[in-house]
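Residue numbers (this note's numbering): 37 to 101.
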Amino acid sequence: MMFNWLSLVTGLFYIVLGIVVILYKFFFTVLDPGVAYALGGLLILYGIFRIYRAISKIKNTDHEK
């Protein structure tokens with residue numbers, strides 16, 4: 037159960053990281069705007085995916101009990 041909540045927090049972290057990459061165009065090195073938008077978008081999408089999977093697992097464990 038704790039892993040599901042940790043996955044939620046990790047998803048939020050990825051979303052925030054994606055926004056930071058888009059705004060500052062920096063991820064361990066200075067990025068071109070196109071690369072920054074692409075990488076930031078992928079990080080945000082992955083964060084949303086992590087949150088979706090965590091919520092679905094939390095709902096499934098609640099229904100099993």
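All residues carry an ideal CB built from backbone N, CA and C; glycine is no exception. All values derive from a computational prediction rather than experimental measurement.
Determine which residues share a DSSP beta bridge with phenylalanine 62 and list them. Along the sequence shown, read from residue 1 onward, the residue named residue 62 stands at position 26. The beta-bridge partner set that DSSP reports for phenylalanine 62 consists of Val66.
Under the assumption that glycine 54 contacts isoleucine 80 (Cβ atoms under 8 Å), give the Cβ distance between them as a whole number of angstroms. For the purposes of this step, residue 54 is identified with residue 18 of the sequence shown, where counting begins at 1. For the purposes of this step, residue 80 is identified with residue 44 of the sequence shown, where counting begins at 1. By a beta-carbon distance limit of 8 Å, glycine 54 contacts isoleucine 80. Their separation comes to about 4 Å.
Assign methionine 37 to one of three DSSP states: helix, strand, or coil. Taking the sequence shown and counting its residues from 1, the one referred to as residue 37 is at position 1. Coil, per DSSP.
Whole-angstrom distance between tyrosine 82 and methionine 37, CA atom to CA atom: As a position in the sequence shown, residue 37 is number 1, starting the count at 1. As a position in the sequence shown, residue 82 is number 46, starting the count at 1. Distance between the alpha carbons of methionine 37 and tyrosine 82: 21 Å.
Can you list, in chain order, the residues of its chain whose CB lies under 8 Å from that of tyrosine 50, leaving out five sequence neighbours each side? The residue given as residue 50 occupies position 14 in the sequence shown. Taking C-beta separations shorter than 8 Å and ignoring five residues to either side along the sequence, the partners of tyrosine 50 in its chain run Leu79, Ile80, Tyr82, Gly83 and Arg86, following chain order.
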